[in-house]
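Notes to accompany the following structure.
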Amino acid sequence: MKLAVLFLFSILLASGQVAFKFAAIDIKARVEAIGGLWAFASLPLFAALVIYAGATALWVWILTDTPLSRAYPFALLGAIFVPAASVVLFGESLTWSYPVGLLLVCLGVYLCVR
Numbered sequence: 005m006k007l008a009v010l011f012l013f014s015i016l017l018a019s020g021q022v023a024f025k026f027a028a029i030d031i032k033a034r035v036e037a038i039g040g041l042w043a044f045a046s047l048p049l050f051a052a053l054v055i056y057a058g059a060t061a062l063w064v065w066i067l068t069d070t071p072l073s074r075a076y077p078f079a080l081l082g083a084i085f086v087p088a089a090s091v092v093l094f095g096e097s098l099t100w101s102y103p104v105g106l107l108l109v110c111l112g113v114y115l116c117v118r
């Protein structure tokens, strides 16, 4: 299994989600400033779509020689990367139970791919 490539895929998915959050912030400001559909002409939104297009291409390549049942648990790793980024980049907060849940996700991924 292409372990490094699977981790790269997870990071791309998480990066795309972070870019979508930046896009949402940008679009909200643009709607308030100019309104209408032009508000969606957003560089962060374009970046998020490009990242997701790259992640999709990488995913298809991964699946050419990796069983879906073995590869898919790596998509769940975004549940670790995205919340960490949301705390650092957007000042969001997490409850104490969140890290416990993430630990269980990691354990589940480990059990699925070992």
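Residue numbers (this note's numbering): 5 to 118. For every residue, glycine included, the Cβ atom is placed at its ideal position computed from N, Cα and C.
Any non-hydrogen atom of the ligand FAD closer than 8 Å to residue i Cβ
i	result
P71	Only the bare structure without any ligand can be found here, which leaves the ligand FAD out of the picture.
Proximal residues to residue i (C-beta, below 7 Å), its chain only, five neighbours per side dropped
i	result
A18	G82, F85, V86 and A89
A43	I31, R34 and V35
G58	L16
V92	none
L106	A83 and I84
Neighbour-count burial assignment, residue i, 16 or more Cβ in a 10 Å radius
i	result
L98	exposed
V22	buried
L16	buried
V113	buried
V63	Checking the sequence, you will find Trp at residue 63 rather than Val. Its Cβ being crowded by 16 or more others within 10 Å, W63 is buried.
A171	Residue 171 lies beyond the range of the chain shown here (5 to 118); nothing can be said about it.
I38	exposed
Proximal residues to residue i (C-beta, below 6 Å), its chain only, five neighbours per side dropped
i	result
A52	G20, A23, F24 and A27
L49	A27
Chain-order list of residues whose beta-carbon lies under 8 Å from that of residue i (same chain, five-residue window excluded)
i	result
P10	Note on identity: in this sequence residue 10 is Leu, with Pro being the wrong assignment. Once the five neighbours on either side are set aside, the close Cβ partners of L10 are I66, T70, A75 and F78.
L12	L62
L7	none
field: Secondary structure, alpha helix (DSSP H): runs of 4+ residues fully inside the segment 26–91
entry: Runs of the alpha helix (DSSP H) lying entirely within the segment 26–91, each at least 4 residues long, are 47–67 and 72–75 in chain order.
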